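**Student:** My numbering puts the first residue of the sequence shown at 20, with every later residue one more than the last.
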Amino acid sequence: MNNINILIAEDNEISRELMSSILSTQGYNIIPASDGEAAINATKKHTIDLALVDLNMEPKGGFEFVKYLVTHGINLPVVIITADDSSDILIRANELGVTRVLQKPVEPNRLISVAQHVLKRYGHNINAIAVTRHDLQYSHDQLMQRAIELAERNAKTKKGGPFGAVVTDAQGQILGEGTNGITSRVDPTAHAEIMAIRKAAEKLGRADLSDCILYCSSEPTMMGQALIISVGIKHVYYGLSHKEINIIRSHENKVRAELGNTENKDTQYTQIGHDDAMTMFERWQAMDDKLED
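1. Below 6 Å CB to CB, which residues in the same chain sit around Glu29 once its five sequence neighbours on both sides are set aside?
2. Thr151 by DSSP, collapsed to three states: which one?
3. When you compare each of Asp68, Val89, Glu238 and Lys79 to Glu56 by their alpha carbons, which one comes out closest?
4. When you compare the CB positions of Leu69 and Val125, do they come within less than 7 Å of one another, or not?
5. Tell me, please, which residues DSSP counts as bridged to Pro51.
6. Work out the CA separation of Asn22 and Thr151 for me, nearest whole Å.
7. Is DSSP giving Val125 helix, strand or coil here?
8. What's the call for Met187, buried or exposed, on a 16-neighbour Cβ count within 10 Å?
9. So Ile49 packs on Ile67, CB below 8 Å; how close in whole Å?
10. Let me confirm a value: Arg140 is counted as buried when at least 16 other C-beta atoms fall within 10 Å, else exposed. Which label applies?
11. Could you name the residues of the same chain whose beta carbon sits closer than 7 Å to that of Trp303, not counting the 5 residues immediately before and after it, in chain order?
12. What span of residues does the alpha helix (DSSP H) with Thr90 cover, start to end?
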């Protein structure tokens, strides 16, 4: 059986671990790196078949890594991952010979598809590792990390507030994802959990989600809780509570009103991933030009 080594260079530990877990389920060997310099060192120690590299890392980012490969004549397919969708990034990537550019947050099936396509293009037989593949099923902690990652990227790209949500089936397979976009979409219903539930219902072709689980970076809103009751979701995992968010954003009247108490006794709410969610939220709160959703 062929061993295919994929280098994942990402300074955000949550993102790095999630991408690693996604691709490792497909039978690939994962070589992690926390920045461009660590990625360069990895190429010296391992035979790398594909590199997935974040654009913005400190002290060295994705383009610095690619420049090293070009300078040293290393022929390695590189996929740059970035939240920046500007044409300048695409032009620069093309100039450096980057294989692909992927937009964050990367949807799991999209990540797998791109990896397979690039590896096939470079002559690798991905069918040789098929016997080791598993369904994309994640732990509660990994799914909460995904919700937090969605929230953080949403805030950084100014598409909405730091709120993300994921709906899965009982086995942990992702059915729908959502982020907050009330202002950017001009849609008062565009809460993260509502968007995720909509996508899950569309994928399943039914409104009964009683066999599904919801993961939210923050405790669902009043509107979200009403929808949770309507679709029958029985278990919700969340990172930050209403009380914690209210303390941080207590000066905002609409937040105080939104975080009123509407408790549903039929759905079990469990708080996990608190520290990661709090760190992400505090970074957003400190931003000078954040989008106030």
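Here a beta-carbon is modelled for each residue, glycine too, at the ideal position from N, C-alpha and C. Everything numeric in this text was worked out from a predicted model, so none of it was measured.
**Tutor:** Taking the geometry as given:
1. Arg35 and Asp73
2. Because Thr151 carries a pLDDT of 48, less than 50, the predicted location of this residue cannot be relied on, and the following value inherits that uncertainty. Note: Thr151 maps to helix in three-state DSSP.
3. Lys79
4. no
5. Ile27
6. Its pLDDT being 48, under 50, Thr151 is placed unreliably by the model, and nothing is read from it.
7. coil
8. The displayed chain sequence assigns Thr, not Met, to residue 187. With 16 or more Cβ atoms within 10 Å of its Cβ, Thr187 is classed as buried.
9. No, Ile49 and Ile67 are not in contact; Cβ-Cβ is about 11 Å, not under 8 Å.
10. exposed
11. Ala174, Pro181 and Lys309
12. Gly81 to Thr90
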